[in-house]
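K.L.:
In the working numbering, the protein residues as written are 27 to 283.
Ideal Cβ placement from N, Cα and C applies to all residues, glycine included.
I'd like to ask some things about the structure below.
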């Protein structure tokens, strides 16, 4: 059974169809990339999958359950987690406090104040394990705003893993990173293991082709085509879309590969 099933999902803002009749499945353990030019509807689709937006029509199923109208928190507790294109952290708190807050929601003593979190030995041990996994434990007392951007990115991805998700949605995980930082993120995603299924938005083709097993191209809110990395790499429609040719600009509902 597919882990995530998206059935004819659409959302309209006034007369604009930001996402239109999008359908696809993700199998457990799969690495799926969602690509497309700016304005294609990628982040809007993510918002529909994670509950930040409600669809105008269509259905989303997770582990066989209809979650189309479930809250963000309900989806998180079911096993979904997400990172954002713009880093979303507590910038004026330490790395350790950010990790503790991220872990607190799944901890038996959740909703405690920071001073109590700092005394919770079980929570402290979990935070150490989490930060060591992304090589940030030595920076635990640093204020997040003082970290290099690549380190902030690693911290955010680590926090998205705090709830031990079955499905991880990554929105431009290498955005703003140097070549070496992007390569490090690529390696870390590849090393997540088959227990975690990954759906990611990316413009970084090295990341896409280095991680994804399958790629979906979104254009004008519709799936233009999908296939393996090699099929997408050589597909003329994809080249037309990215190079901005007239054919690509009018191919909002092209066939699948």
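By DSSP's criteria, residue 244 is part of a beta bridge. Which residues make up the other side?
P.N.:
In the chain shown, residue 244 corresponds to position 218, counting from 1. Answer is 249.
K.L.:
Please report the straight-line C-alpha distance between residue 74 and residue 220, rounded to a whole angstrom.
P.N.:
Your numbering for residue 74 matches position 48 in the chain shown. Your numbering for residue 220 matches position 194 in the chain shown. Going from the Cα of residue 74 to the Cα of residue 220 covers about 24 Å.
K.L.:
Less than 9 Å separating the beta-carbons of residue 165 and residue 76?
P.N.:
By 1-based counting over the chain shown, the position of residue 165 is 139. By 1-based counting over the chain shown, the position of residue 76 is 50. Cβ distance not < 9 Å, so residue 165 and residue 76 don't count as in contact.
K.L.:
Apart from the five residues just before and just after residue 160, which ones in its own chain have a Cβ nearer than 6 Å to its Cβ?
P.N.:
Mapped onto the chain shown, residue 160 falls at position 134. Hits under 6 Å: 180, 184.
K.L.:
If contacts are defined as beta-carbon pairs under 8 Å, then residue 120 and residue 158 qualify, I think. What distance do you get, rounded to the angstrom?
P.N.:
Your numbering for residue 120 matches position 94 in the chain shown. Your numbering for residue 158 matches position 132 in the chain shown. The Cβ separation is near 16 Å, so there is no contact.
K.L.:
Answer yes if the segment 37-52 comes into contact with the segment 98-105, meaning at least three C-beta pairs across the two stretches below 8 Å, and no otherwise.
P.N.:
Not touching, per the Cβ criterion.
K.L.:
Closer than 6 Å by C-beta to residue 240: which residues in its own chain qualify, once you throw out the five before and the five after it? Chain order, please.
P.N.:
Residue mapping note: residue 240 aligns to position 214 of the chain shown, counting from 1. For residue 240, where only same-chain residues beyond five positions count, the Cβ hits under 6 Å are 58.
K.L.:
Could you give the distance in angstroms between the alpha-carbon of residue 31 and the alpha-carbon of residue 104?
P.N.:
In the chain shown, counting from the first residue as 1, residue 31 sits at position 5. In the chain shown, counting from the first residue as 1, residue 104 sits at position 78. If I take the Cα positions, the gap works out to 15 Å.
K.L.:
Helix, strand or coil for residue 160, going by three-state DSSP, please let me know.
P.N.:
Here residue 160 is taken as the residue at index 134 of the chain shown, counted from 1. Of the three classes helix, strand and coil, the one that applies to residue 160 here is coil, per DSSP.
K.L.:
Got a sec? Which residues, its chain only, sit under 6 Å from residue 136 by beta carbon, not counting five neighbours each side?
P.N.:
Numbered from 1 along the chain shown, position 110 holds the residue referred to as residue 136. Legend: pLDDT at residue 136 = 49, less than 50; position of this residue unreliable, no value from coordinates given.
K.L.:
Note the first and the last residue of the continuous beta strand (DSSP E) segment covering residue 225.
P.N.:
In the chain shown, residue 225 corresponds to position 199, counting from 1. From DSSP, the beta strand (DSSP E) with residue 225 extends over 223-227.
K.L.:
Have a look at residue 187 and residue 108 and give me their C-alpha separation to the nearest angstrom.
P.N.:
Locating residue 187 in the chain shown gives position 161, where the first residue counts as 1. Locating residue 108 in the chain shown gives position 82, where the first residue counts as 1. C-alpha separation (whole angstroms): 9 Å.
K.L.:
Could you give the uninterrupted runs of the alpha helix (DSSP H) lying entirely in the segment 29-65, keeping only those of 4 residues or more?
P.N.:
Here no run is fully enclosed.
K.L.:
Can you check which of these residues, 28, 56, 68, 61, is closest to residue 36 by C-alpha distance?
P.N.:
The residue given as residue 36 occupies position 10 in the chain shown. Ranking 28, 56, 68, 61 by Cα distance to residue 36 puts 68 first.
K.L.:
Output the boundary residues of the alpha helix (DSSP H) element that contains residue 99.
P.N.:
The sequence position of residue 99 within the chain shown is 73, counting from 1. Segment 98-104, the alpha helix (DSSP H) holding residue 99.
K.L.:
So residue 197 is in the beta strand (DSSP E); what residue range does that whole segment cover?
P.N.:
Position 171 of the chain shown, counted from the first residue, corresponds to residue 197. Note, residue 197: beta strand (DSSP E), 193-197.
K.L.:
Which residues mark the beginning and the end of the beta strand (DSSP E) in which residue 116 is found?
P.N.:
Reading the chain shown from its first residue, position 90 is the one you call residue 116. Residue 116 -> no beta strand (DSSP E), and no H or E assigned at all.
K.L.:
DSSP on residue 166, reduced to helix/strand/coil?
P.N.:
To locate residue 166, count along the chain shown from 1; it is residue 140. DSSP places residue 166 in coil when its eight states are reduced to three.
K.L.:
Indicate whether residue 244 and residue 88 have their beta-carbon atoms separated by less than 9 Å.
P.N.:
Position 218 of the chain shown, counted from the first residue, corresponds to residue 244. Position 62 of the chain shown, counted from the first residue, corresponds to residue 88. For residue 244 and residue 88, no; Cβs fall outside 9 Å.
K.L.:
Indicate whether residue 227 and residue 72 have their beta-carbon atoms separated by less than 9 Å.
P.N.:
Looking up residue 227 in the chain shown gives position 201. Looking up residue 72 in the chain shown gives position 46. In this structure, residue 72 lies closer than 9 Å to residue 227 by Cβ.
K.L.:
If I'm right that residue 44 touches residue 176 with Cβ under 8 Å, what's the distance once you round it to whole angstroms?
P.N.:
By 1-based counting over the chain shown, the position of residue 44 is 18. By 1-based counting over the chain shown, the position of residue 176 is 150. The pair is not a contact, with the Cβ atoms about 31 Å apart (cut-off 8 Å).
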